[in-house]
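Trainee:
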Amino acid sequence: DQQVKQNSPSLSVQEGRISILNCDYTNSMFDYFLWYKKYPAEGPTFLISISSIKDKNEDGRFTVFLNKSAKHLSLHIVPSQPGDSAVYFCAASVGNAGNMLTFGGGTRLMVKP
Amino acid sequence: KAGVTQTPRYLIKTRGQQVTLSCSPISGHRSVSWYQQTPGQGLQFLFEYFSETQRNKGNFPGRFSGRQFSNSRSEMNVSTLELGDSALYLCASSLPPGWDAGELFFGEGSRLTVL
Numbered sequence: 015d016q017q018v019k020q021n022s023p024s025l026s027v028q029e030g031r032i033s034i035l036n037c038d039y040t041n042s043m044f045d046y047f048l049w050y051k052k053y054p055a056e057g058p059t060f061l062i063s064i065s066s067i068k069d070k071n072e073d074g075r076f077t078v079f080l081n082k083s084a085k086h087l088s089l090h091i092v093p094s095q096p097g098d099s100a101v102y103f104c105a106a107s108v109g110n111a112g113n114m115l116t117f118g119g120g121t122r123l124m125v126k127p
Numbered sequence: 381k382a383g384v385t386q387t388p389r390y391l392i393k394t395r396g397q398q399v400t401l402s403c404s405p406i407s408g409h410r411s412v413s414w415y416q417q418t419p420g421q422g423l424q425f426l427f428e429y430f431s432e433t434q435r436n437k438g439n440f441p442g443r444f445s446g447r448q449f450s451n452s453r454s455e456m457n458v459s460t461l462e463l464g465d466s467a468l469y470l471c472a473s474s475l476p477p478g479w480d481a482g483e484l485f486f487g488e489g490s491r492l493t494v495l
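Those sequence lines, one after another, are chains A and B.
What the first sequence shows, in my numbering, is residues 15 to 127, in sequence order.
What the second sequence shows, in my numbering, is residues 381 to 495, in sequence order.
1) Scan the region 36-56 of chain A for residues whose Cβ lies nearer than 9 Å to a Cβ of chain B and list them as they occur along the chain.
2) So, at 7 Å on beta carbons, what are the nonlocal neighbours of residue 443(B) in its own chain, with the 5 sequence-adjacent residues on each side left out?
3) Please confirm whether residue 472(B) and residue 486(B) have their CB atoms less than 8 Å apart.
4) Mind checking if residue 486(B) is an interface residue toward chain A, Cβ cutoff 8 Å exclusive?
5) Please specify which runs of the beta strand (DSSP E), each continuous and at least 3 residues long, are wholly inside the region 440-480 of chain B, giving them in chain order.
6) Under 6 Å Cβ to Cβ from residue 456(B), same chain only, skipping five residues before and after it: list those, please.
7) Do you know offhand how far residue 390(B)'s Cα is from residue 491(B)'s?
8) Please state whether the Cβ-Cβ distance between residue 83(A) and residue 71(A) is less than 8 Å.
9) Within the continuous beta strand (DSSP E) that includes residue 106(A), where are the two ends?
10) Is any beta-carbon of chain B found at less than 8 Å from that of residue 23(A)?
11) Check the Cβ of residue 489(B) against every Cβ in chain A and list those closer than 9 Å, keeping chain order.
12) Distance cutoff 8 Å, beta carbons only. Does residue 61(A) sit that close to anything in chain B?
13) Taking only beta-carbon atoms, is residue 8(A) less than 8 Å away from chain B?
14) Out of curiosity, what's the CA-to-CA distance linking residue 424(B) and residue 99(A)?
15) Where does residue 57(A) fall in DSSP's three states?
16) Residue 92(A): buried (16+ other C-beta within 10 angstroms of its C-beta) or exposed?
17) Select from 103(A), 85(A), 97(A) the residue whose C-alpha is nearest the C-alpha of residue 44(A).
18) What are the residues that DSSP puts in a beta bridge with residue 428(B)?
Quick look at the structure:
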């Protein structure tokens with residue numbers, strides 16, 4: 015049973031527009047959420063995170079929203095740039111579980127010039 | 381500073397063999413985690429080490445094992461390889477658990493092919 019799901023395997027967006035990547039989770043014990051992006055032939059790179067005590071965290075063009083009641087989080091990228099084209103993974107952890115992350119299956123984002 | 385280094389980057393083994401993968405974390409990072417990435421299962425947690433002790437273990441059979449040395453370098457071993465073990469094995473390091481928990485720095489991975 016997948017505890018973290020990214021239901022859209024791919025997303026195509028025009029440069030300059032907003033990209034919205036979605037993630038759902040089922041385990042109510044998760045209290046910390048992260049987004050990673052991955053380019054081909056590279057390891058995942060940390061992008062942004064959010065604690066369950068918040069509902070929004072912003073870092074430059076990237077904003078993560080958390081809706082605990084819906085067990086849903088989303089990553090907004092505004093404006094999208096061609097260099098943002100990558101696979102994006104959401105991940106979740108339980109506070110006392112160290113660095114054991116549960117990852118979603120990933121969404122491939124393509125930003126067209 | 382240097383990133384996470386994994387060796388070897390690519391390797392091919394046959395069923396029944398065993399393999400050892402190595403990971404050197406970022407200098408100063410004492411926590412090392414291992415993940416398996418496959419097309420069907422995505423990224424799955426294998427185990428985490430801190431101060432030479434295994435802190436957490438994922439849902440993998442006992443054929444998968446690991447260890448951490450006093451210099452924080454880590455190795456993972458897979459014995460009696462099966463075709464399904466073909467995957468990208470990613471190592472990640474971080475500051476001690478609890479410090480920006482979950483913000484992991486990943487290496488480029490070791491791609492294992494089992495024939």
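Cβ atoms here follow ideal geometry from the backbone N, Cα and C, with glycine treated the same way.
Mentor: Walking through what the data contain:
1) 46, 47, 48, 50, 52, 55, 56
2) 458, 459, 460
3) yes
4) yes
5) 444-448, 454-458, 467-474
6) 401, 414, 446
7) 5 Å
8) no
9) 100-107
10) no
11) 55, 56, 57
12) no
13) Look at the range of chain A in this structure, 15 to 127, and you will see that residue 8(A) is not part of it.
14) 23 Å
15) coil
16) exposed
17) 85(A)
18) 413(B), 436(B)
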